[in-house]
Amino acid sequence: MLLLLGWAAAGMAQEFNKTGTSGFVFLEIPASARFAALGETGITMPDAGAEGLFVNPALTALGSKRYGLSVSHAGWYVETSHQAFALTAQMARIGVFGLHATWFDFGRMEKTINPSAAQAGSYISLGEYTAGAYALGLTFARQLTDRFAFGASLNYVREEIDLWHADNVVTDIGFVFMTGYHSLRIGTFLQNFGLEAKYAREKFKMPQQLKMGLSADLAGGFESPNRLTLLLEAVQPNDGDGRLHTGLEALLAGALYLRGGYKYGYDHENLTGGIGLRLETALGRLRCDFSYMEHETLDGTARYTLVMEF
116 MLLLLGWAAA GMAQEFNKTG TSGFVFLEIP ASARFAALGE TGITMPDAGA EGLFVNPALT
176 ALGSKRYGLS VSHAGWYVET SHQAFALTAQ MARIGVFGLH ATWFDFGRME KTINPSAAQA
236 GSYISLGEYT AGAYALGLTF ARQLTDRFAF GASLNYVREE IDLWHADNVV TDIGFVFMTG
296 YHSLRIGTFL QNFGLEAKYA REKFKMPQQL KMGLSADLAG GFESPNRLTL LLEAVQPNDG
356 DGRLHTGLEA LLAGALYLRG GYKYGYDHEN LTGGIGLRLE TALGRLRCDF SYMEHETLDG
416 TARYTLVMEF
């Protein structure tokens, strides 16, 4: 824990401001209501299921169900929206295969030009244009021992603005280790690792992040109907200073989830929270999640996620 705190503090103390030096920033948006509510922690949660494709692919190898499905929607800032989809399939004695997608919709916007340099402030409408971004990924994960699992994803990412576009291929790699000391779990996740992309004449970095974290059950366990879990993660992005994420999840009567989190090292967004409801159905286990993230200068954002395991 001291190592995580020290690493994050060192990152926060860097003098060079790297904010805004990478592209494809939609990849940094949380794709799960559960983990958004937990302060964007989650790289060591063993019951992540299909949502593990977004927070740490190694977690998908720890699931007890053969198939997992997750769909998510969030209304984002300024009438934009973010969607996510994930599907996992467990193959006996081989591992887990996953397919996931995220897309960000900027909506339709008016396209204009100035009639001439002498008529500054006036414009001619050329109709509307669209802009958006999406990512498609394939994942493989495997549990090598009863304590250790790894996972990796290969993702194709693309951004489009009117007639222009930029695309690239990035990799996610994650590990999770059950220490055997009480319920302590530790993990590492390298996200969006890849070469620079080019848009028009400009090159820019991918929004790479390195996460190191731990979690432990303060009460109960993942097999009990009542549980309290603490999560702590240090995050070092390549386009900003180091940050620290914390989360707390309570499960009551095996059905109701209460979640909260706090993100240190951000200028305008810190507090997160949410709830979830788990149901056992004839088709399998169903969970509905809601999260809300506060923002000091813009409207807060809400995310809804539906998860099924069968």
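My numbering puts the sequence shown at residues 116 to 425.
Even glycine gets a Cβ: it sits at the ideal position worked out from N, Cα and C.
In this text, all values refer to a predicted model and were calculated from it rather than measured experimentally.
Can you tell me the Cα-Cα spacing of residue i and residue j, whole angstroms?
i	j	result
T254	E274	21 Å
L184	N229	48 Å
L168	L343	23 Å
S196	A189	6 Å
G357	K378	11 Å
T260	R402	28 Å
S406	S339	24 Å
G266	G210	10 Å
I423	G399	Going by the sequence as given, residue 423 is Met instead of Ile. If you take the alpha carbons of M423 and G399, they lie about 7 Å apart.
F212	T203	6 Å
A256	V291	11 Å
Run through DSSP, which three-state label would residue i get?
i	result
G389	strand
R149	helix
E143	helix
F265	strand
E243	strand
F427	Since the first residue of the chain shown is 116 and the last is 425, residue 427 is not available in this structure.
L394	strand
E384	coil
A163	coil
L118	Confidence at L118 is low in this model, with a pLDDT of 44, below 50, so its placement is unreliable and the value that follows should be read with caution. DSSP places L118 in helix when its eight states are reduced to three.
F169	helix
L174	helix
E364	strand
E194	helix
A312	strand
Q323	coil
S298	coil
R400	strand
Once the 5 residues before and after residue i are set aside, which same chain residues still bring their CB inside 8 Å of it?
i	result
T227	Y238, I239, S240, L241
L119	Low local confidence applies: a pLDDT of 46 at L119 is under 50, so the model's placement there is unreliable, and no value is given.
F337	P161, D162
F308	V285, T286, D287, I288, M321, Q323
W122	Only weak support is given to the placement of W122: the predicted model assigns it a pLDDT of 48, under 50, and the value that follows is read from those uncertain coordinates. Same-chain partners within the cutoff: M327, A349, Q351, G357.
Of the residues the options, which one's Cα is nearest the Cα of residue i?
i	options	result
L177	S187, G369, M160, A189	M160
A368	Y407, V170, G335	G335
T175	D162, A248, H197, F221	D162
T396	D382, G380, F425	F425
G415	L394, G389, M423	G389
F263	L251, T412, T294	T294
A173	Q258, L347, L371	Q258
V193	G222, L373, R418, R374	G222
G362	P352, R181, L371, G376	G376
N171	T303, Y244, R418	T303
W157	V350, A281, L392	Contrary to the premise, residue 157 reads as Gly rather than Trp in this sequence. Of the listed residues, the one whose Cα sits closest to G157 is V350.
G289	I301, W279, Y296	I301
E384	L310, G399, V285, T412	T412
M408	L142, R149, S137	R149
N283	A248, F292, V291	A248
Y419	G138, L142, V186	V186
D404	L386, L373, Y381	L373
H199	F141, Y296, F292, A365	The question names His, but residue 199 is Ala in the sequence shown. If we check each option's Cα against that of A199, F141 comes out closest.
E364	N341, G380, D382	N341
Residues in its own chain within less than 6 Å of residue i by CB, not counting five upstream and five downstream?
i	result
F131	The pLDDT assigned to F131 is 48, lower than 50, so where the model puts this residue is not dependable; a value taken from the coordinates is nonetheless given after this. Excluding residues within five positions, none has a Cβ falling inside 6 Å.
Q306	D287, Q324
L251	A216, Y271
A370	R393
P145	A151, E155
A281	E274, A312, Y314
E143	P322
Skipping 5 residues on each side, what residues in its chain have a beta carbon closer than 7 Å to that of residue i?
i	result
I276	A246
E243	R223, M224, E225, K226
S298	A331, D332, G336
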